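Colleague: Read top to bottom, the protein sequences are chains A and B.
Heads up: the first sequence begins at 96 in my numbering, then just goes up one per residue.
Heads up: the second sequence begins at 62 in my numbering, then just goes up one per residue.
Just so you know, even glycine gets a beta-carbon here, dropped at the ideal spot from N, CA and C.
Predicted model, so just to flag it, every value in this text is computed and none were measured.
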Amino acid sequence: MKKEALSQFGHPDLILFSFLLFFFCFIGMVIWALSKRNKDHFKKMSELPLQKEKVKREKGADDE
Amino acid sequence: MDQNKLEVTQNKSKFYDDKTVKWFVWATMAWGLIAFLAGIMAALQLAYWKFNLDLSWLTFGRLRPLHTNAAIFAFAGNAIFAGIYHSTQRLCKVRMFSDVLSKIHFWGWQLIIVGAAITLPLGFTQGKEYAELEWPLDIAIALIWVIFAINFFMTLWTRKEKHMYVALWFYISTVITVAVLHIFNSIALPTSFMNSYPVYAGIQDALVQWWYGHNAVAFFLTTPFLGLMYYYVPKAVNRPVYSYRLSIIHFWALIFIYIWAGPHHLLNTALPEWAQTLGMVFSIMLWAPSWGGMINGLLTLRGAWHLLRTSPVVKFFVTAITFYGMVTFEGPLLSIKAVSSLGHYTDWIVGHVHSGTLGWNGFMIFGMIYYLVPKLFDTKLYSNKLATTHFWIGFAGLLVYYISMLSAGITQGLMWMAIDSSGKLVYPDFVETVTRIVPLYGVRAFGGILYLIGFVFMIYNIWKTVKSSRGGLVQTLIPEPIQPRLHEEKETFHRKLEGKVFIFSILSFVAIAVGSAIEIIPILSMNSYIKAEDTVEPFTPLELAGRDIYIKEGCYTCHSQMIRDLPFDTIRFGKASTIGESMYNRPFQWGSKRTGPDLSRVGKKYPHLWHYRHMLNPRDVISQSIMPNYPWLFENKTDFYSLRRKISVMKSLGVPYPDELVANPDTNAEEQALKIANELREQGAVMPQLERKEIVALIAYLQALGQKAKKEDK
Numbered sequence: 096m097k098k099e100a101l102s103q104f105g106h107p108d109l110i111l112f113s114f115l116l117f118f119f120c121f122i123g124m125v126i127w128a129l130s131k132r133n134k135d136h137f138k139k140m141s142e143l144p145l146q147k148e149k150v151k152r153e154k155g156a157d158d159e
Numbered sequence: 062m063d064q065n066k067l068e069v070t071q072n073k074s075k076f077y078d079d080k081t082v083k084w085f086v087w088a089t090m091a092w093g094l095i096a097f098l099a100g101i102m103a104a105l106q107l108a109y110w111k112f113n114l115d116l117s118w119l120t121f122g123r124l125r126p127l128h129t130n131a132a133i134f135a136f137a138g139n140a141i142f143a144g145i146y147h148s149t150q151r152l153c154k155v156r157m158f159s160d161v162l163s164k165i166h167f168w169g170w171q172l173i174i175v176g177a178a179i180t181l182p183l184g185f186t187q188g189k190e191y192a193e194l195e196w197p198l199d200i201a202i203a204l205i206w207v208i209f210a211i212n213f214f215m216t217l218w219t220r221k222e223k224h225m226y227v228a229l230w231f232y233i234s235t236v237i238t239v240a241v242l243h244i245f246n247s248i249a250l251p252t253s254f255m256n257s258y259p260v261y262a263g264i265q266d267a268l269v270q271w272w273y274g275h276n277a278v279a280f281f282l283t284t285p286f287l288g289l290m291y292y293y294v295p296k297a298v299n300r301p302v303y304s305y306r307l308s309i310i311h312f313w314a315l316i317f318i319y320i321w322a323g324p325h326h327l328l329n330t331a332l333p334e335w336a337q338t339l340g341m342v343f344s345i346m347l348w349a350p351s352w353g354g355m356i357n358g359l360l361t362l363r364g365a366w367h368l369l370r371t372s373p374v375v376k377f378f379v380t381a382i383t384f385y386g387m388v389t390f391e392g393p394l395l396s397i398k399a400v401s402s403l404g405h406y407t408d409w410i411v412g413h414v415h416s417g418t419l420g421w422n423g424f425m426i427f428g429m430i431y432y433l434v435p436k437l438f439d440t441k442l443y444s445n446k447l448a449t450t451h452f453w454i455g456f457a458g459l460l461v462y463y464i465s466m467l468s469a470g471i472t473q474g475l476m477w478m479a480i481d482s483s484g485k486l487v488y489p490d491f492v493e494t495v496t497r498i499v500p501l502y503g504v505r506a507f508g509g510i511l512y513l514i515g516f517v518f519m520i521y522n523i524w525k526t527v528k529s530s531r532g533g534l535v536q537t538l539i540p541e542p543i544q545p546r547l548h549e550e551k552e553t554f555h556r557k558l559e560g561k562v563f564i565f566s567i568l569s570f571v572a573i574a575v576g577s578a579i580e581i582i583p584i585l586s587m588n589s590y591i592k593a594e595d596t597v598e599p600f601t602p603l604e605l606a607g608r609d610i611y612i613k614e615g616c617y618t619c620h621s622q623m624i625r626d627l628p629f630d631t632i633r634f635g636k637a638s639t640i641g642e643s644m645y646n647r648p649f650q651w652g653s654k655r656t657g658p659d660l661s662r663v664g665k666k667y668p669h670l671w672h673y674r675h676m677l678n679p680r681d682v683i684s685q686s687i688m689p690n691y692p693w694l695f696e697n698k699t700d701f702y703s704l705r706r707k708i709s710v711m712k713s714l715g716v717p718y719p720d721e722l723v724a725n726p727d728t729n730a731e732e733q734a735l736k737i738a739n740e741l742r743e744q745g746a747v748m749p750q751l752e753r754k755e756i757v758a759l760i761a762y763l764q765a766l767g768q769k770a771k772k773e774d775k
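Have a look at this one:
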């Protein structure tokens, strides 16, 4: 009896809810990510790490 | 005076804080060396038991937690912080929020590691994998992590760059999720300064622990490294990430799905079927975002593949990402229940995690350090040739390690599963399945030594690089942002979201909270379905003392206490374990590796004297055993007095001890110890004051295993 109760204890409503929540959020996010109007923005963003550091390097940071 | 201070502060804010980055890089290399040495020692101990040296603090059960904690939290942890401090400042175009907080974070983290390096070999452990540290250190971790979080989030808050690059998203999810995982998994009631019992028991503890354990892999060893990948790989090849779109999908899909996958560590166990299936399905779903990320990382090299021939940094990064792809293929594969029945508890899992930590994390760290240090010191790497040699030696070591463990794991798994036509085990002696793979343990140790040699080359190379820089660390001026925060434009929802740290963090938290709550809350409410007091009897005070010794010696690192509901497991070890049997186990001891046999039903299987001789020298009773000797258990005295506090804490956690036992647990334990000692003497043991020795308490515990189920459940 106990074993049966535990094996059936699945909260299918919660699991279904979370699946649907993930599914619709995921689809929405994919549509947004693939939308053409974001193209320029993404290009700009992807170049963020490549920005040249206008370096005026100064020796001696260890001496602070 | 105040004017001077103001000028110094204003001057400082023009530069990035790279001093903290440098410290974290040095700490990464120092702790990496210790983690690798501990790993090699542990590998040698498995290859030849005499390497345990009969020293309590160096024996495998205590060394293994030190190795894993050092590798994850000291080596990888310091590297993560180095990378996050370096890249976050550059992506935000601002110095870290507070130099003081950075210092507290750095020194606090190192002190915690030192605390771990002292307490774990001394046997102070909570007995939960990758969460072994006792409660004072757990509190210290939480405090230092909060300080890091404040420093990090305030840096984002005060940034000058309008949008947050995708690497920062991965860092945000790391900072939030690690805090949640650590705090929830570590909740325990102290019984003394260095001992505690978790508030969760049995199956609840198992699920919470592997929700933590799996997501420590996800949010400590994966998401921060993906952030580092999205920042440093474009830097190394001077090209933007292959697809920024894919990185967005990668991020949200990964953090939502990962958190569900914990139960795949408990497949075929007593965990309810629905939770196992949920863990398996979400693990398989992880293939998609993981490979999306891997492809995105590798294709960032489009048009620059020639660098793979010439740049050691690129060599390390490309190999690391390839290993990420391989590990994230193998992980879901092992999460299929049928595959898990073969691989679980074997060295296949050990090979799998090492291809992740050494291949993915290790090589990402090496690539990052080879890239970072010359930049920080405004110089060139001392020797590209030496770095390339490091790469090839490390890579060879990695392959030797992985292939030997994969072979050992599959060989042993198949031997465990082998049943002949009459329904009997082909290899009924467990030790036979161990001795067959011991040569591969030697091969594994050789692989580890190669990996360490490569690492030593790196230390030398970096040391020479720093030495050749002459002027030491340089200060780098903070450039103007590409798009300042005050810039006005019409924005879409997600673009606004990218700029809003608080809302973004809340959504990241919700993404991980959904899966966590749905998996854990039903298990925590299981008490309404199954009453422990109807199912199982609690341990006696002496058995509890013995259990604490079992945990202290790290027996769980080699022995499981979970017989899976699989034919070859039940024929070998007895009836499958049930949920009820471990309802009073704080912490649970289901284990994750069987270098020795499962012990769920070892109680009353052998006489006391067998255990006595086995712990003194395992080869006296099993000639081919590779288990260490435990001579100190015959010298150390059981701490009977501490049982007063321990039993009292257990009672407050819901264990139904009668009041008279709670009042005098030490007397009860001493009586039981005397009885066992007398039985041992009758069987031939000769030792003065035997009843006071730890070995007697341990025997009491071992003899109770599998014997606690109430009659109707037996």
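Okay, do the stretch 559-575 of chain B and the stretch 219-229 of chain B touch, 3+ Cβ pairs below 8 Å being the bar?
Modeller: Yes, they touch.
Colleague: At what residue ranges does the stretch 125-177 of chain B contain a whole run of the alpha helix (DSSP H), taking only runs of 4 or more?
Modeller: Runs found: 138-153.
Colleague: Decide if residue 103 of chain A is buried, meaning its Cβ has at least 16 other Cβ atoms within 10 Å, or exposed.
Modeller: In this prediction, residue 103 of chain A has a pLDDT of 49, which is less than 50 and means its spatial position is unreliable; what the coordinates show is noted afterwards. Counting Cβ neighbours within 10 Å, residue 103 of chain A comes out exposed, since fewer than 16 surround it.
Colleague: Considering only residues of the same chain and omitting the five flanking positions on each side of residue 681 of chain B, which have a CB-CB separation below 8 Å?
Modeller: 674, 675
Colleague: Residue 657 of chain B: which of B/616, B/392, B/672 sits nearest, CA to CA?
Modeller: Selected option, being the one with the closest Cα: B/616.
Colleague: Among residues of its own chain, excluding the 5 on either side of residue 688 of chain B, which ones have a beta-carbon nearer than 7 Å to its beta-carbon?
Modeller: 110, 657, 679
Colleague: What residue ranges within the stretch 556-634 of chain B form continuous alpha helix (DSSP H) runs of no fewer than 4 residues, ordered along the chain?
Modeller: 562-585, 593-596, 602-613, 628-634
Colleague: Output the boundary residues of the beta strand (DSSP E) element that contains residue 258 of chain B.
Modeller: 256-259
Colleague: Can you name the residues of chain B whose CB is closer than 8 Å to the CB of residue 129 of chain A?
Modeller: 306
Colleague: Are the C-beta of residue 126 of chain A and some C-beta of chain B separated by less than 8 Å?
Modeller: no
Colleague: At which residues does the beta strand (DSSP E) containing residue 713 of chain B begin and terminate?
Modeller: First-last for residue 713 of chain B: 704-713, but that is the alpha helix (DSSP H), not the beta strand (DSSP E).
Colleague: Let me see if you follow: with CB-CB separation under 8 Å, is residue 118 of chain A close to chain B or not?
Modeller: By the rule that beta-carbons nearer than 8 Å mark a contact, residue 118 of chain A does not touch chain B.
Colleague: Cβ closer than 8 Å: which chain A residues qualify as neighbours of residue 651 of chain B?
Modeller: Here the premise fails: no neighbours, minimum Cβ distance about 17 Å.
Colleague: Tell me which residue opens and which closes the alpha helix (DSSP H) that residue 285 of chain B is part of.
Modeller: 284-298
Colleague: Taking Cβ-Cβ distances below 8 Å as the criterion, which residues of the stretch 312-324 of chain B are in contact with chain A?
Modeller: 313, 314, 317, 318
Colleague: Run through the DSSP bridge pairs and tell me what residue 253 of chain B is partnered with.
Modeller: DSSP output for residue 253 of chain B lists B/256 as bridge partner(s).
Colleague: In the stretch 573-587 of chain B, which residues sit with their C-beta less than 8 Å from some C-beta in chain A, listed in chain order?
Modeller: So the list reads 575, 576, 579, 583, 587, given in the order they occur along the chain.
Colleague: State the Cα-Cα distance for the pair residue 458 of chain B and residue 720 of chain B, rounded to the nearest angstrom.
Modeller: Within the model, the alpha-carbon separation for residue 458 of chain B versus residue 720 of chain B is close to 58 Å.
Colleague: Would you verify that the beta carbon of residue 111 of chain A is, or is not, closer than 8 Å to some beta carbon of chain B?
Modeller: With a threshold of 8 Å between beta carbons, residue 111 of chain A makes no contact with chain B.
Colleague: When you compare only the Cα positions, how much space is there between residue 84 of chain B and residue 167 of chain B?
Modeller: 8 Å
Colleague: Given that residue 543 of chain B touches chain A, what residues does it touch there, using C-beta distances under 8 Å?
Modeller: 139, 142, 143, 146
Colleague: Cutting at 6 Å between CB atoms, please list the residues of its own chain near residue 455 of chain B, excluding the five before and the five after it.
Modeller: 512, 515
Colleague: Pick out whichever of B/419, B/630, B/493 has its Cα sitting closest to the Cα of residue 803 of chain B.
Modeller: Lying outside 62 to 775, the shown extent of chain B, residue 803 of chain B is not represented and no answer is given.
Colleague: Reducing DSSP to helix, strand and coil, say where residue 107 of chain B ends up.
Modeller: helix
Colleague: Enumerated in chain order, which unbroken segments of the alpha helix (DSSP H) with a length of 4 residues or greater are wholly contained in the stretch 379-461 of chain B?
Modeller: Within the stretch 379-461 of chain B, the complete alpha helix (DSSP H) segments of 4 residues or longer fall at 398-404, 408-415, 424-437, listed in chain order.
Colleague: Could you tell me which uninterrupted alpha helix (DSSP H) segments, each at least 4 residues in length, are contained entirely in the stretch 475-544 of chain B, listed from first to last along the chain?
Modeller: Runs of the alpha helix (DSSP H) spanning 4 or more residues and lying entirely within the stretch 475-544 of chain B occur at 491-496, 499-529, in chain order.
Colleague: I'd like to know if residue 115 of chain A contacts chain B, where contact means its C-beta is closer than 8 Å to some C-beta of that chain.
Modeller: no
Colleague: Hey, does residue 246 of chain B have any beta-carbon neighbour from chain A nearer than 8 Å?
Modeller: No, because no Cβ of chain A sits closer than 8 Å to the Cβ of residue 246 of chain B.
Colleague: Could you check if residue 154 of chain B is buried or exposed, using at least 16 other CB atoms within 10 Å of its CB as the buried criterion?
Modeller: buried
Colleague: Is the stretch 305-314 of chain B touching the stretch 127-143 of chain A in the sense that three or more CB pairs, one from each, lie closer than 8 Å?
Modeller: yes
Colleague: Return no unless some Cβ of chain A is closer than 8 Å to the Cβ of residue 691 of chain B.
Modeller: no
Colleague: Using a Cβ distance threshold of 8 Å, determine whether the stretch 261-274 of chain B contacts the stretch 345-363 of chain B, with at least three qualifying pairs required.
Modeller: no
Colleague: So residue 296 of chain B contacts chain A; which residues on that side make the cut at Cβ distance below 9 Å?
Modeller: 144, 145
Colleague: Can you tell me where the alpha helix (DSSP H) with residue 716 of chain B in it begins and where it stops?
Modeller: Counting along the chain, no alpha helix (DSSP H) covers residue 716 of chain B, and no H or E run does either.
Colleague: Are at least three pairs of beta-carbons, each pair with one atom in the stretch 630-645 of chain B and one in the stretch 388-400 of chain B, less than 8 Å apart?
Modeller: no
Colleague: How do the stretch 659-667 of chain B and the stretch 728-744 of chain B stand: do at least 3 beta-carbon pairs fall below 8 Å, yes or no?
Modeller: With a cut-off of 8 Å, the stretch 728-744 of chain B and the stretch 659-667 of chain B do not count as touching, because too few Cβ pairs lie within range.
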